[in-house]
Every structure is written in C-alpha cells, then in structure tokens.
C-alpha cells in the first residue's frame with residue numbers, strides 16, 4: 237500500500253478527470269493523499285459518467301477517508317467561470333489544508349481538418365481558447381486567491397505536450413494553446429518563486445485524444461502517431 241506522500245490535509249484539483257491521463261493521475265493520487273484530504277475532479281457536463289467512474293476507482297484505491305468531489309462545467313463559456321470555480325473551492329477555508337495543488341490536465345484538440353490559415357470564425361476561436369487557455373489562467377488565479385499564504389505548500393502542474401514546441405499539421409489551435417500555456421506558467425514560476433510550478437509533458441499516450449489525431453485525415457500526421465505508439 238502506498239504511503240501518504242503529501243501528508244495530512246491536502247487539497248488537490250485535477251481538471252479533465254473523467255478519462256485518460258486525468259483518471260490515471262487521480263487514481264495514483266488516491267493512495268498518496270493523507271487523512272483529511274480532498275480531491276476535486278472536473279470535466280465538462282457531458283463527462284459526468286466518466287467522472288463517476290474515476291471517483292469509484294479512486295475510492296477503491298484510497299487507504300484513507302478521502303473526500304472526492306465532482307464538478308462539471310462548460311469551460312468554453314467564460315461567463316460561467318465564477319460559479320464553476322466557487323464549486324471547486326467551496327469550503328476550502330484558510331488553515332484547512334497543509335498542501336494545495338492543482339493539475340491542469342483538461343484539453344481539447346479543436347478542428348483537426350483545417351490548416352492554420354483556414355481558421356476564420358472568431359467565435360470558434362474564442363470558445364477554443366477559453367476552454368484551453370483562459371480557463372486554466374483564471375482557475376490558477378482563483379487557486380492563488382484561495383491559498384494566498386506560503387504557509388501552505390502550493391503546487392501548480394500544467395500538463396503540456398511536445399506539440400507546444402513542434403508544429404503538428406492541422407492542429408494549430410492545439411499547438412498554439414499548449415505553447416501559450418507553457419509561457420504563462422513560465423512567467424508565473426518567475427513571479428511566484430514560493431509556488432512550485434511544473435509543466436510536464438507525458439509523451440505519447442494511447443488515449444481517446446491520440447486516437448482522434450490518428451484519424452484526422454492527414455496521412456503524415458496519422459503515420460506519425462502510429463510511429464509514436466510503437467514505443468507506448
């Protein structure tokens with residue numbers, strides 16, 4: 237049985253916790269969060285069933301009485317952020333937790349059929365970057381407001397991708413969103429040295445997202461995915 241690496245009373249939020257890497261992270265954390273900890277799993281409203289399955293697996297693995305909270309919301313709608321963030325941080329009073337960390341895992345691919353020069357609809361662009369960039373920035377800001385004191389061990393993790401560095405044809409929105417997030421968290425790491433900020437790229441994972449890329453219709457991209465998965 238894994239020990240409680242983070243000790244007692246840890247607050248942890250994992251976005252995109254309904255499947256894939258987010259679910260794996262949540263289940264792994266289940267055995268490492270000590271007594272009195274709270275794990276908040278978020279996803280969009282269509283993924284509630286997936287969140288419930290993640291919660292079941294977490295509770296099965298947790299050796300402690302871990303509180304697991306599920307929060308759903310539409311991150312394309314920035315007007316709904318306030319209510320969504322209030323749900324995530326509800327009852328997280330000062331002094332209730334010794335550790336606090338947030339894992340920004342949620343991401344969407346965007347339209348994988350268009351070249352960069354073909355993205356002409358500003359409403360689609362606004363919604364995409366709201367879900368994949370703006371929401372992460374705003375959620376981090378709220379996290380810092382809820383846990384302002386260095387007396388709480390604060391950790392912010394940005395799940396990134398090689399696509400933040402290397403261009404992936406037909407996926408300019410995904411690549412640019414990841415690159416922008418990387419730079420945001422680099423700046424945050426410089427400005428808030430008492431907060432541990434990590435951008436972590438897990439490499440190619442055989443998830444639903446990668447399967448979507450494999451069938452995007454661009455043979456070069458599809459062949460690249462097949463090659464990458466040989467090492468998975």
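In my numbering, the protein residues as written are 237 to 468.
Each residue gets a CB set at the ideal place from its N, CA and C atoms; glycine is no exception.
Counting the other CB atoms within 10 Å of its CB gives residue 327 a total below 16, which places it among the exposed residues. Separation of the CB atoms of residue 335 and residue 246 is rounded to 4 Å, and the pair is thereby assigned contact status at 8 Å. For residue 378, the CB contacts under 7 Å within the same chain, skipping 5 residues up- and downstream, are 321, 325 in chain order. Residue 375 and residue 337 have their C-alpha atoms spaced approximately 12 Å apart.
Taking a C-beta distance under 8 Å as the contact criterion, residue 366 and residue 314 qualify as a contact pair. DSSP, reduced to helix, strand and coil, places residue 255 outside both helices and strands of the structure shown, so it counts as coil. Looking only at 286, 339, 354, 333, the smallest Cα-Cα distance to residue 421 is reached by 339. For residue 312, the secondary structure class from DSSP, reduced to helix, strand or coil, is coil. Spanning the alpha carbons of residue 358 and residue 396 requires a straight line of approximately 25 Å. Per DSSP, residue 396 lies in no alpha helix (DSSP H) segment and is marked neither H nor E.
Within its own chain, the residues whose Cβ lies closer than 8 Å to the Cβ of residue 316, once the five positions on either side in sequence are excluded, are 309, 310, listed in chain order. The beta-carbon separation of residue 408 and residue 355, rounded to 7 Å, stays under the 8 Å limit for a contact. In chain order, 340, 417, 421, 435 place their CB closer than 6 Å to the CB of residue 394, counting only its own chain and leaving out the 5 sequence neighbours on each side. With a minimum length of 3 residues, the unbroken runs of beta strand (DSSP E) contained wholly in the segment 285-363 fall at 303-308, 335-340. Boundaries of the beta strand (DSSP E) harbouring residue 276: 274-279, taken from the DSSP string. The shortest C-alpha to C-alpha distance from residue 342 to any of 248, 415, 423, 277 is the one to 277. Judged by beta-carbon spacing, residue 243 lies beyond the 8 Å limit of residue 267, meaning their Cβ atoms are not closer than that value.
Secondary structure at residue 433: strand, using DSSP grouped into helix, strand and coil. The three-state reading of DSSP puts residue 417 in helix, counting H, G and I together.
The alpha-carbon separation between residue 400 and residue 385 amounts to approximately 31 Å. Residue 379 sits in a helix when the DSSP states are folded into three classes. With 16 or more other Cβ atoms inside 10 Å of its own Cβ, residue 390 counts as buried.
Classified as exposed, residue 264 has fewer than 16 neighbouring CB atoms from the shown chains inside 10 Å of its CB. If you draw a 10 Å sphere on the C-beta of residue 258, you find 16 or more other C-beta atoms in it, and that means buried.
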